[in-house]
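Participant: Taken in order, the sequence shown gives residues 121 to 395; the numbers are from UniProt numbering.
Please see the structure below; I have some questions.
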Amino acid sequence: EANTPPTLSHLASLFKTKKYSKILVLTGAGISVAAGIPDFRTAGTGLYSNLEKYNLPHPTAVFDIDFYKDNPAPFVMLASEIWPGNHLPTKTHAFIKLLSDKGILLRNYTQNIDGLEVLGGVPEEKVIECHGHFRTASCTSCGSPMDVSLVSKSIIEDGVPPVCAKCGGIGKPDIVFFGEDLPSVFHGNINRDVKEADMIIVMGTSLQVQPVAGIPDYVSSKVPRLLFNREHVGNFDTSEYNYRDIFEAGNCDDGVENFCEMIGWGEELRTCYEN
Ligand code: OAD
Numbered sequence: 121e122a123n124t125p126p127t128l129s130h131l132a133s134l135f136k137t138k139k140y141s142k143i144l145v146l147t148g149a150g151i152s153v154a155a156g157i158p159d160f161r162t163a164g165t166g167l168y169s170n171l172e173k174y175n176l177p178h179p180t181a182v183f184d185i186d187f188y189k190d191n192p193a194p195f196v197m198l199a200s201e202i203w204p205g206n207h208l209p210t211k212t213h214a215f216i217k218l219l220s221d222k223g224i225l226l227r228n229y230t231q232n233i234d235g236l237e238v239l240g241g242v243p244e245e246k247v248i249e250c251h252g253h254f255r256t257a258s259c260t261s262c263g264s265p266m267d268v269s270l271v272s273k274s275i276i277e278d279g280v281p282p283v284c285a286k287c288g289g290i291g292k293p294d295i296v297f298f299g300e301d302l303p304s305v306f307h308g309n310i311n312r313d314v315k316e317a318d319m320i321i322v323m324g325t326s327l328q329v330q331p332v333a334g335i336p337d338y339v340s341s342k343v344p345r346l347l348f349n350r351e352h353v354g355n356f357d358t359s360e361y362n363y364r365d366i367f368e369a370g371n372c373d374d375g376v377e378n379f380c381e382m383i384g385w386g387e388e389l390r391t392c393y394e395n
């Protein structure tokens, strides 16, 4: 019997029957591009294309823990530019909040360090900031927590690496660098969440960085997987054998808006986004 690949409108009609109540949302830098924050890997506009002035051996060195301990200046400079506080959540963030308001958001695993999920009103317990955030800071040598207001002053106002009062090591905001483990809240929830999820929506990520990139593969093989992204990523199936994946190419804000119209949430999305 021939397979009929799923369509967004079919998924939307199932959605309207309240079939899905434990939705896992996986997000990356692409969802904040419309807020004015560049992503990492888009050629030309992405952060990794625009680090020439830092003279790095390779772009990701700016977020490498061993590199930072030897040469903190590039991250200190970059952090002063990207420290959150100047951007507002997008329509896609509003959609995640709406899923939560409706009681059907199981969890939002985000790779973003911009804090826009929580700023946009998604409850903190529903958001797992897999790559950390700028709200707290600690020492890279002894691990002691550091006063984040002192850390931000050192980085933003003085342009120098923050020094740990306990051991003299250098500090940084608690964003996860390459070579560091993810926060315990990730490890504490991921296995249960992927088992429980009855749908996954992936938005604005290249799925290049493990372990987060593996999340779409850990959900049950019966779970529909919806991708809103400018480019095809991961192993979302677009073949004739595809039975559960839907790839909506384009800006996630447009994809989300279209989907909300299909499920009858258009007006609510607008209200949620305007407030
Ligand atoms: P990337 O920059 O790797 O990927 C962003 C993805 O979003 C790409 O596939 C873009 O095509 C897509 N995109 C861009 N704008 C979009 C839009 N408006 N609508 C839809 N899609 C859009 O960012 P991440 O996957 O988040 O880690 O990167 C993962 C991690 O790599 C980051 O958390 C960061 C980085 O190194 C750390 O800093 C530790």
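Glycine included, every Cβ here is placed at the ideal spot set by N, Cα and C.
Since the model is a prediction, treat every value here as computed from it, not as a measurement.
1. Between Glu377, Thr358, Gly384, which has its C-alpha nearest Tyr393's C-alpha?
2. Using C-beta distances below 7 Å, list every residue in its chain close to His253, excluding the 5 sequence neighbours before and after it, in chain order.
3. Per DSSP, which residues does Cys259 bridge with? Please list them.
4. In chain order, which continuous runs of the beta strand (DSSP E) of length 3 or greater are located wholly inside the stretch 208 to 289?
5. Assuming contact is defined by CB atoms lying nearer than 8 Å, are Leu225 and Lys246 in contact in what I supplied?
6. What are the boundary residues of the alpha helix (DSSP H) that Phe297 is part of?
7. Between Ala132 and Ile335, is the Cβ-Cβ spacing less than 8 Å?
8. Distance, Cα to Cα, Tyr168 vs Arg312?
9. With DSSP as the reference, label Phe356 as helix, strand or coil.
10. In three-state DSSP terms, what is Asn349?
11. Are Val305 and Val339 closer than 8 Å when you measure CB to CB?
12. Who does Glu368 pair with in a DSSP beta bridge?
13. In chain order, what residues of the same chain lie with their CB nearer than 7 Å to the CB of Leu176, ignoring the 5 residues before and after it?
14. Report the option in Thr180, Val242, Asp318, Ser272 whose CA atom is closest to the CA atom of Arg255.
15. Between His288 and Glu249, what straight-line distance do the alpha-carbon atoms span, to the nearest angstrom?
16. Cα separation between Arg390 and Phe215?
17. Is any non-hydrogen atom of the ligand OAD found closer than 7 Å to the C-beta of Glu351, if you look at the structure I gave you?
18. Using C-beta distances below 7 Å, list every residue in its chain close to Leu208, excluding the 5 sequence neighbours before and after it, in chain order.
19. Indicate, with yes or no, if the ligand OAD has a heavy atom lying under 7 Å from the CB of Gln330.
20. Provide the residue span of the alpha helix (DSSP H) that contains Leu131, from first to last.
21. The ligand OAD heavy atoms versus the CB of Val145: any closer than 7 Å?
22. Can you list, in chain order, the residues of its chain whose CB lies under 8 Å from that of His352, leaving out five sequence neighbours each side?
23. Can you find a heavy atom of the ligand OAD that lies under 7 Å from the Cβ of Asn170?
24. Less than 8 Å separating the beta-carbons of Thr260 and Gly291?
25. What I want to know is whether the C-beta of Phe183 ends up closer than 7 Å to one or more non-hydrogen atoms of the ligand OAD.
26. Does the distance from the C-beta atom of Met323 to that of Ile157 stay below 8 Å?
27. Smallest Cα separation from Thr230: which of Met197, Asn371, Gly148?
28. Quick check on Asp184: buried or exposed, where buried means 16 or more other Cβ atoms within 10 Å of its Cβ?
29. Could you check whether Leu218 and Glu381 sit closer than 8 Å to each other, using their CB atoms as the reference points?
Facilitator: The answer reads as follows:
1. Taking the sequence shown and counting its residues from 1, the one referred to as residue 393 is at position 273. Answer by Cα proximity: Glu377.
2. For this step, residue 253 is matched to residue 133 along the sequence shown. Cβ neighbours of His253 beyond the five flanking positions: Ile233, Gly235, Asp294, Ile295.
3. As a working mapping, residue 259 is identified with position 139 in the sequence shown. Bridge partners of Cys259: Gly291.
4. Within the stretch 208 to 289, the complete beta strand (DSSP E) segments of 3 residues or longer fall at 225 to 230, 247 to 249, 252 to 259, listed in chain order.
5. Taking the sequence shown and counting its residues from 1, the one referred to as residue 225 is at position 105. Taking the sequence shown and counting its residues from 1, the one referred to as residue 246 is at position 126. Yes, Cβ-Cβ distance for Leu225 and Lys246 is below 8 Å.
6. Counting from 1 along the sequence shown, the entry for residue 297 is found at position 177. Where Phe297 is concerned, there is no enclosing alpha helix (DSSP H), given that its DSSP letter is neither H nor E.
7. Mapped onto the sequence shown, residue 132 falls at position 12. Mapped onto the sequence shown, residue 335 falls at position 215. Ile335 sits away from Ala132, with the two beta carbons spaced by 8 Å or more.
8. As a position in the sequence shown, residue 168 is number 48, starting the count at 1. As a position in the sequence shown, residue 312 is number 192, starting the count at 1. One alpha carbon belongs to Tyr168, the other to Arg312, and they sit about 34 Å apart.
9. On the sequence shown, position 236 is the one that residue 356 refers to. Here Phe356 carries a coil assignment [DSSP, helix/strand/coil].
10. Residue 349 sits at position 229 when you count from the first residue of the sequence shown. The answer is strand: DSSP assigns Asn349 an E or B state.
11. To locate residue 305, count along the sequence shown from 1; it is residue 185. To locate residue 339, count along the sequence shown from 1; it is residue 219. No, they are not a contact pair.
12. Stepping through the sequence shown from its first residue, residue 368 is reached at position 248. According to DSSP, Glu368 bridges with Phe348.
13. Counting from 1 along the sequence shown, the entry for residue 176 is found at position 56. The answer, listed in chain order, is Val182, Pro194.
14. The residue labelled residue 255 in the question sits at position 135 within the sequence shown. Closest in C-alpha terms to Arg255, from the list Thr180, Val242, Asp318, Ser272, comes Ser272.
15. Numbered from its first residue, the sequence shown carries residue 288 at position 168. Numbered from its first residue, the sequence shown carries residue 249 at position 129. Residue identity check: residue 288 is Gly in the sequence provided, not His. A direct Cα-Cα distance of roughly 28 Å separates Gly288 from Glu249.
16. Looking up residue 390 in the sequence shown gives position 270. Looking up residue 215 in the sequence shown gives position 95. In a straight line, the C-alpha of Arg390 is about 9 Å away from that of Phe215.
17. The sequence position of residue 351 within the sequence shown is 231, counting from 1. Yes, since a heavy atom of the ligand OAD falls inside the 7 Å radius drawn around the Cβ of Glu351.
18. As a working mapping, residue 208 is identified with position 88 in the sequence shown. Counting only Cβ-Cβ distances below 7 Å, and skipping sequence neighbours, we find Ala155.
19. Taking the sequence shown and counting its residues from 1, one reaches residue 330 at position 210. Not so, every heavy atom of the ligand OAD lies at least 7 Å from the Cβ.
20. Position 11 of the sequence shown holds residue 131. In the DSSP annotation of this structure, the continuous segment of the alpha helix (DSSP H) that includes Leu131 starts and ends at 128 to 136.
21. Here residue 145 refers to the residue found at position 25 when the sequence shown is read from its first residue. Closer than 7 Å to some heavy atom of the ligand OAD: that does not describe the Cβ of Val145.
22. In the sequence shown, the residue the question calls residue 352 occupies position 232. Same-chain partners within the cutoff: Thr358, Phe367, Ala369.
23. Taking the first residue of the sequence shown as position 1, residue 170 is located at position 50. With a cutoff of 7 Å, Asn170 does not count as near the ligand OAD, since its C-beta is closer than that to no heavy atom of the ligand.
24. Reading the sequence shown from its first residue, position 140 is the one you call residue 260. Reading the sequence shown from its first residue, position 171 is the one you call residue 291. For Thr260 and Gly291, yes; Cβs fall inside 8 Å.
25. Here residue 183 corresponds to residue number 63 of the sequence shown, with the count starting at 1. Flag set: Cβ of Phe183 near the ligand OAD.
26. What you label residue 323 is simply residue 203 of the sequence shown in a count that begins at 1. What you label residue 157 is simply residue 37 of the sequence shown in a count that begins at 1. Cβ distance not < 8 Å, so Met323 and Ile157 don't count as in contact.
27. Position 110 of the sequence shown, counted from the first residue, corresponds to residue 230. Here the closest residue by C-alpha is Gly148.
28. Stepping through the sequence shown from its first residue, residue 184 is reached at position 64. With 16 or more other Cβ atoms within 10 Å, it is buried.
29. Your numbering for residue 381 matches position 261 in the sequence shown. Your numbering for residue 218 matches position 98 in the sequence shown. With respect to Leu218, Glu381 sits apart: the two C-beta atoms are not nearer than 8 Å.
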